[in-house]
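In this note's numbering, the protein residues as written are 21 to 537. Even for Gly, the Cβ is constructed at its ideal location relative to N, Cα and C. These notes concern the structure reproduced below.
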Ligand code: CA
């Protein structure tokens, strides 16, 4: 990466030697006439994080960023001009039947030994980073009653059990009024089931059901499942109550207290860093995402993989246009095929709604300098670091392997976070350029911003400022190591994130591609 420094002077970032556009780094952008140290002069105003033509680009010629083609010029783009979305024709999505397979598999990286964190060891061998009582639900009908009960549990019971971090109702909009036998219904059903098995919930099963709904408790909990303890009463059906609302609340509180007593006896123990299951995603991206925050996450992902941990990256519509780079890095042909299977499934899902991958980019992405989904994808996959891709999960599937795993999810922040929780994520890291106060109740969320200006405006929401990379105050390697240590500190409970301090929790949002009735 070439970075033109000097904090006051015009600065840009060029990511690859073949790039013919660069990105303006200065806060608040640069005016017409601004001259960069290499002689490039702006012929019009250009906002921060937007692209400038480094040379004259003729109509029809490719525009390159990250060394890849992000579009074709629809008109002549003059050297020093602002290159905008409307001036680029988007390249076609890579054909799935002619992708490279495993032709650039990175060699295994040297192991990192000796790194640990303090976690809660579960009966099934997984490790929690937090000690949370999670109350599963089978249907939305119970949400009002359960939310009432949880408020009382927090106020009246939780103070008696100081080793328990929180109580969380796993409420959602699925369970009834849905085509429960539809082809794709397995996705929301296994998501509900696997959310209850998240390592941060300690295996203490508790299900609140209405009684008459389509999704029955037996589809959510299995007696032979080693990840949940069903040795005690674990199910309460509201329709069994004979004394109305008061009885419902009392019953839920009694069941919850029995579990709080058990959770409260647990203590953190030193475990290897390999027990970390980190979920990564981005939200509110800008053109800095692929320059600062995501490369730092990628460096830290490599460190975690070297330490034996599990690292999940996701967001199908944000890898689709760069899929050829991932199938090249697949550990073996099965992994490459699984990547293609997930892309193909999603292509058909989008087609069924008469949409395509261009539906992903938002007005904020574009205001932040991202012209199209091709450019967004190239910046997004940088999060995955440089290692071989060792596994692929379908939506809602639970991870069983270590290493770098593609966890297929929509890019929607809430759906992605929910599916990564179902995969077993015990720590979440979230990069943002435009800014979002995102948080999850079931796992700590570390927010990393792409620009220092956002870190200054939101000092009590952003945990890590990756904008330091753009201004030369920190290298990708330095920030990568800083993140790696911060992950272990947050996992150990030595550090709490801003989302945890403020209890900022977005709702569980199930991915239900099946019909509702
Ligand atoms: Ca996202």
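**Request:** Examine the Cβ distances between the region 107 to 119 and the region 388 to 399 and report whether three or more of them are shorter than 8 angstroms.
**Result:** yes
**N-terminal and C-terminal residue of the alpha helix (DSSP H) that residue 265 is part of** = Run containing residue 265: 264 to 284, per the alpha helix (DSSP H) assignment.
**Message:** Which residue marks the beginning of the beta strand (DSSP E) containing residue 235, and which one marks its end?
**Reply:** Segment: none, residue 235 is in no beta strand (DSSP E) and carries neither H nor E.
**Request:** Say whether the region 67 to 81 touches the region 40 to 54, bearing in mind that this needs 3 or more beta-carbon pairs closer than 8 angstroms, one atom from each stretch.
**Result:** yes
**Request:** With a threshold of 7 angstroms, establish whether the CB of residue 303 neighbours any heavy atom of ligand 3.
**Result:** Questions concerning ligand 3 fall outside what the structure shown contains, since the ligands it does hold are ligand 1.
**Request:** Give the secondary structure of residue 332 by DSSP, where H, G and I count as helix, E and B as strand, and everything else as coil.
**Result:** strand
**Request:** Using only the heavy atoms of ligand 1, determine whether one of them is closer than 7 angstroms to the beta carbon of residue 431.
**Result:** yes
**Item:** Through-space distance from residue 78 to residue 94, alpha-carbon basis
**Value:** 9 angstroms
**Prompt:** If you draw a straight line from the C-alpha of residue 90 to the C-alpha of residue 342, how long is it?
**Reply:** Cα-Cα distance, rounded: 10 angstroms.
**Request:** Can you grab the Cα-Cα spacing for the pair residue 398 / residue 86, in whole Å?
**Result:** Going by the C-alpha atoms only, they are around 7 angstroms apart.
**Message:** I need the boundaries of the alpha helix (DSSP H) containing residue 411, first residue and last residue.
**Reply:** Note, residue 411: premise wrong, no alpha helix (DSSP H); beta strand (DSSP E) at 411 to 413.
**Asked** Touch check for the region 519 to 534 and the region 351 to 362: three-plus C-beta pairs under 8 angstroms?
**Response** no
**Request:** Ignore the nearest five residues each way along the sequence and tell me which others in residue 26's own chain have a CB closer than 6 angstroms to its CB.
**Result:** Here residue 26 scores only 46 on pLDDT, less than 50, and its place in the model is too uncertain to base an answer on.
**Request:** Determine the DSSP secondary structure at residue 476, reduced to helix, strand or coil.
**Result:** helix
**Request:** Measure the CB-CB distance between residue 451 and residue 438 and report whether it falls below 8 angstroms.
**Result:** no
**Near ligand 1: residue 469 beta-carbon under 7 angstroms from a heavy atom** = no
**Asked** Looking at the structure shown, is residue 45 part of a helix, part of a strand, or coil, going by DSSP?
**Response** coil
**Item:** Residues near residue 413 by beta carbon distance below 8 angstroms, same chain, minus five either side
**Value:** 332, 419, 425, 426, 427, 428, 443
**Item:** Environment of residue 271 [buried if 16+ CB atoms lie within 10 Å]
**Value:** buried
**Asked** What residues in its chain sit with their C-beta under 6 angstroms from that of residue 210, if we drop five residues either side in the sequence?
**Response** 416
**Item:** Where residue 384 falls: helix, strand or coil (DSSP)
**Value:** helix
**Prompt:** In chain order, what residues of the same chain have a beta carbon less than 8 angstroms from the beta carbon of residue 336, not counting five sequence neighbours either side?
**Reply:** So the list reads 362, 363, 366, 428, 429, 430, 431, once near-sequence residues are dropped.
**Outcome for residue 436 when other beta-carbon atoms lying within 10 angstroms are tallied against a minimum of 16** = buried
**Item:** Residue range of the unbroken beta strand (DSSP E) whose run includes residue 138
**Value:** 136 to 141
**Message:** Would you say the beta carbon of residue 436 is closer than 7 angstroms to some non-hydrogen atom of ligand 1?
**Reply:** Checking the 7 angstroms criterion, the Cβ of residue 436 is within range of a heavy atom belonging to ligand 1.
**Asked** Exposed or buried, which one is residue 396 when buried takes at least 16 other CB atoms within 10 Å?
**Response** It counts as buried.
**Item:** CA-to-CA distance, residue 295 to residue 547, given in whole angstroms
**Value:** Residue 547 is absent from the structure shown; the chain starts at 21 and stops at 537.
**Request:** To the nearest angstrom, report how far apart residue 501 and residue 249 are at their CA atoms.
**Result:** Taking the straight line from one Cα to the other gives about 38 angstroms.
**residue 464 vs residue 257 beta-carbon contact at 8 angstroms** = no
**Message:** Can you tell me whether residue 297 is helix, strand or coil according to DSSP?
**Reply:** Residue 297 falls in the strand class under three-state DSSP.
**Request:** Report whether the distance from the Cβ of residue 395 to the nearest heavy atom of ligand 1 is below 7 angstroms.
**Result:** For ligand 1, not one heavy atom lies less than 7 angstroms from the Cβ of residue 395.
**Request:** Please state whether DSSP places residue 365 in a helix, a strand or coil.
**Result:** helix
**Request:** Give every residue of the same chain whose Cβ lies closer than 8 angstroms to the Cβ of residue 32, excluding the five residues on either side of it in the sequence, and list them in chain order.
**Result:** Cβ neighbours of residue 32 beyond the five flanking positions: 24, 42, 43, 44, 45, 56, 60, 72.
**Prompt:** With respect to the alpha helix (DSSP H) encompassing residue 450, which residues constitute its N-terminal and C-terminal limits?
**Reply:** Unbroken run through residue 450 is the beta strand (DSSP E), 447 to 452; no alpha helix (DSSP H).
**Request:** With a cut-off of 8 angstroms on the beta carbons, I'd call residue 141 and residue 291 a contact; round off their distance for me.
**Result:** 7 angstroms
**Prompt:** In its own chain, which residues sit with a C-beta less than 6 angstroms from the C-beta of residue 358, not counting the 5 before and 5 after it?
**Reply:** For residue 358, where only same-chain residues beyond five positions count, the Cβ hits under 6 angstroms are 412.
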